[in-house]
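**Q** Numbering (my numbering), first residue to last: 25 to 424.
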Ligand code: LMR
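(1) Can you grab the Cα-Cα spacing for the pair residue 216 / residue 110, in whole Å?
(2) Using 8 Å as the threshold, is the stretch 101-115 in touch with the stretch 317-324, meaning 3 or more CB pairs across them?
(3) Kindly list the residues whose CB is nearer than 7 Å to the CB of residue 275, restricted to its own chain and excluding five residues on each side of it in sequence; keep chain order.
(4) Could you check whether the Cβ of residue 428 sits closer than 7 Å to any heavy atom belonging to the ligand LMR?
(5) If we ignore side chains and look at the alpha-carbon of each, how far apart do residue 183 and residue 254 end up?
(6) Cα-Cα, which of 163, 148, 69 is closest to residue 171?
(7) DSSP on residue 169, reduced to helix/strand/coil?
(8) Name the DSSP bridge partner or partners of residue 399?
(9) Identify whether residue 368 lies in helix, strand or coil by the three-state DSSP scheme.
(10) Using the C-alpha atoms, what's the distance from residue 120 back to residue 293?
(11) Alpha carbon to alpha carbon, what distance is there between residue 92 and residue 64?
(12) Could you tell me which residues DSSP puts in a beta bridge with residue 174?
(13) Pull the bridge partners of residue 148 from the DSSP assignment, please.
(14) How many whole angstroms separate the CB atoms of residue 162 and residue 279, which I take to be in contact at a CB cut-off of 8 Å?
(15) Quick check for students: name the residue ranges of the alpha helix (DSSP H) that lie wholly in the stretch 64-146, counting only runs of 4 or more.
(16) Grab me the residues of residue 151's own chain with a C-beta within less than 8 Å of its C-beta, minus the 5 sequence neighbours each way, in chain order.
(17) For the beta strand (DSSP E) containing residue 358, name the first residue and the last one.
(18) State the DSSP-derived secondary structure class of residue 328, mapped to helix, strand or coil.
(19) Would a C-beta distance cut-off of 8 Å place residue 96 and residue 132 closer than the cut-off?
(20) Are there three or more Cβ pairs, one per stretch, closer than 8 Å when the stretch 361-371 is compared with the stretch 202-218?
(21) Applying the criterion that 16 or more other CB atoms from any shown protein chain within 10 Å of the CB defines a buried residue, is residue 392 buried or exposed?
(22) Would you say residue 158 and residue 135 are within 8 Å of each other, going by their C-beta atoms?
(23) Excluding the 5 residues preceding and the 5 following residue 307 in the sequence, name in chain order all residues of the same chain whose CB lies nearer than 8 Å to its CB.
(24) By Cβ distance below 8 Å, which residues in the same chain neighbour residue 138 in space, the five residues on each side in sequence not counted?
(25) Rounded to whole angstroms, what is the Cα-Cα separation between residue 201 and residue 295?
(26) With a CB to CB cut of under 6 Å and the five nearest residues on each side skipped, what residues in its chain are close to residue 186?
(27) Quick one, which of 288, 332, 379 has its alpha-carbon nearest residue 272's?
(28) Look at the Cβ atom of residue 363, then the Cβ atom of residue 401, and state whether they are nearer than 8 Å.
(29) What distance in whole Å lies between the Cβ atoms of residue 420 and residue 381, which are believed to be in contact at a cut-off of 8 Å?
(30) If we call anything under 8 Å between Cβ atoms a contact, is residue 190 one with residue 230?
(31) Whose CA, out of 289, 57, 282, 288, lies closest to the CA of residue 303?
(32) Just tell me which of 326, 192, 196 has its CA closest to the CA of residue 260.
(33) Should residue 423 be labelled buried (16 or more other beta-carbon atoms within 10 Å of its own) or exposed?
(34) Could you check how far apart the C-beta atoms of residue 236 and residue 252 are, in whole angstroms? I think they sit under 8 Å.
(35) For residue 427 and residue 47, what's the separation of their Cα atoms in angstroms?
(36) Could you tell me whether any non-hydrogen atom of the ligand LMR is closer than 7 Å to the CB of residue 57?
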């Protein structure tokens with residue numbers, strides 16, 4: 025039977041990761057997949073995570089099943105991190121949470137839940153968006169529509185066009201919005217823009233689905249949650265997918281959360297029962313280890329403080345790398361304005377170079393980024409910055 029199958033193209037981000045791993049050039053530089061790297065180019069385990077794992081080894085007493093929602097303690101602590109401890113939706117029991125296998129698990133189960141409500145559910149996603157959003161949401165059977173988001177020529181948000189397109193959405197449609205650190209553009213909504221989006225969603229009866237995979241890597245833990253908290257204040261219903269891959273560095277532990285918010289406690293509980301039934305029929309229940317680490321950290325004052333310090337260092341280092349890159353490109357006499365990189369948030373920015381120039385960087389210098397020119401700024405470091413700047417300057421000059 026398998027002889028009739030053709031190979032499928034690989035996801036562009038994972039394909040780039042595999043290509044990088046195969047490259048034997050000692051100069052190789054990975055600015056592809058969204059993974060934080062330190063000054064040495066490593067992705068170390070955070071100290072808070074290591075300490076929590078040691079504690080877990082001592083205190084864990086069972087490996088018995090947990091149920092489709094996962095750990096109640098983890099879910100409560102992540103809800104507090106995302107919405108803030110005193111948020112009204114928490115006080116009113118309007119949030120139901122499921123610990124999920126990564127942010128992908130949360131997005132997919134959110135999509136499965138929405139598809140289960142209605143045969144013709146439509147979700148609007150930003151153009152561009154993270155490559156895996158389309159298969160995760162579309163694969164559950166949601167119809168995908170697109171709203172303009174990033175202007176490649178101007179290197180800014182296309183906010184007016186975004187709003188004009190969402191005006192055309194129908195009541196009951198869902199709108200996927202990146203909570204912070206937009207992947208792939210790094211261009212985020214301002215507070216005023218979030219307020220305008222909230223007003224539009226409210227007036228038109230649209231339901232937001234927030235993907236917040238980078239809380240704490242933009243402006244700060246609370247600052248990055250401004251939009252999600254505002255929408256939770258204003259709207260009767262929403263979904264939120266979060267991930268601990270980046271802010272806890274738990275990539276391979278697949279640790280995420282899906283939140284459903286309903287208009288009241290009863291509606292929310294009913295929605296939760298539908299979600300848990302979907303989870304049961306997909307993977308039954310989430311893996312435990314990553315969430316147990318996060319629960320141990322957030323449940324312990326000292327560990328939580330240590331984690332926040334480490335996260336702050338990561339965030340500030342990314343901001344520093346953004347500034348340093350812009351400054352060095354200007355000092356190298358590159359005749360193009362890259363200052364937008366400094367105004368953007370999180371791991372990613374589009375360099376705004378052509379696919380051919382991206383290819384030249386890879387072929388000549390073993391510098392890897394996604395073909396769209398999305399680069400992971402967090403893959404840079406002081407030691408390699410000058411190499412990168414001179415390679416980019418040369419490619420810009422020779423292949424413009
Ligand atoms: C990325 O966008 O590079 C990350 O979110 C990793 C992934 O799974 O694609």
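Note that beta-carbon positions come from the ideal geometry of N, C-alpha and C, so glycine has one too.
**A** Reading from the atomic positions:
(1) If I take the Cα positions, the gap works out to 23 Å.
(2) Result yes; three or more Cβ-Cβ pairs closer than 8 Å.
(3) If we look at residue 275 and ignore the five residues flanking it on each side, its Cβ neighbours are 59, 269.
(4) Shown here, the chain extends from 25 to 424; a query on residue 428 therefore has no answer.
(5) Answer to the nearest angstrom: the Cα atoms are 18 Å apart.
(6) When the alpha-carbon of residue 171 is set against those of 163, 148, 69, the nearest one is in 148.
(7) In this structure, residue 169 counts as strand in the three-state DSSP scheme.
(8) Looking at the DSSP assignment, residue 399 forms a beta bridge with 373.
(9) Residue state, collapsed to three classes: coil.
(10) In a straight line, the C-alpha of residue 293 is about 7 Å away from that of residue 120.
(11) Cα to Cα, residue 64 sits roughly 39 Å from residue 92.
(12) Note: residue 174 is bridge-paired with 181 in the DSSP secondary-structure output.
(13) Paired residues: 169, 199.
(14) Not a contact, Cβ separation roughly 24 Å.
(15) Contiguous alpha helix (DSSP H) elements confined to the stretch 64-146 occur at 71-83, 96-107, 112-115, 126-141, taking only those with 4 or more residues.
(16) Excluding sequence positions up to five before and after residue 151, its CB lies within less than 8 Å of the CB of 170, 171, 172, 173, 174, all in the same chain and listed in chain order.
(17) Residue 358 -> no beta strand (DSSP E), and no H or E assigned at all.
(18) In the three-state scheme derived from DSSP, where H, G and I count as helix and E and B as strand, residue 328 is classed as helix.
(19) No, the Cβ-Cβ distance between residue 96 and residue 132 is not below 8 Å.
(20) Flag = yes, the stretch 361-371 and the stretch 202-218 touch.
(21) Here residue 392 is buried: its Cβ has 16 or more other Cβ atoms, across all protein chains shown, within 10 Å.
(22) Taking 8 Å as the cut-off, the beta carbon of residue 158 is found no closer than this to the beta carbon of residue 135.
(23) Counting only Cβ-Cβ distances below 8 Å, and skipping sequence neighbours, we find 125, 129.
(24) Apart from the 5 residues on each side of it in sequence, residue 138 sits with its Cβ closer than 8 Å to the Cβ of 145, 147, 164, 166, 198, 233, 263 in its chain, given in chain order.
(25) Here the alpha carbons of residue 295 and residue 201 stand approximately 21 Å from one another.
(26) Correct list, in chain order: 171, 172, 173.
(27) If we check each option's Cα against that of residue 272, 332 comes out closest.
(28) Result no, Cβ atoms of residue 363 and residue 401 do not sit closer than 8 Å.
(29) With 8 Å as the limit, residue 381 and residue 420 qualify as a contact, their Cβ atoms being about 7 Å apart.
(30) Closer than 8 Å, so yes.
(31) Shortest Cα-Cα distance from residue 303 to any of 289, 57, 282, 288 involves 282.
(32) Looking at the Cα atoms, 196 is the closest of the given residues.
(33) Looking at its Cβ environment, which holds fewer than 16 other Cβ atoms inside 10 Å, residue 423 is exposed.
(34) Separation of the CB atoms of residue 236 and residue 252 is rounded to 6 Å, and the pair is thereby assigned contact status at 8 Å.
(35) No statement about residue 427 is possible, as the shown extent of the chain runs from 25 to 424 and does not include it.
(36) With a cutoff of 7 Å, residue 57 counts as near the ligand LMR, since its C-beta is closer than that to a heavy atom of the ligand.
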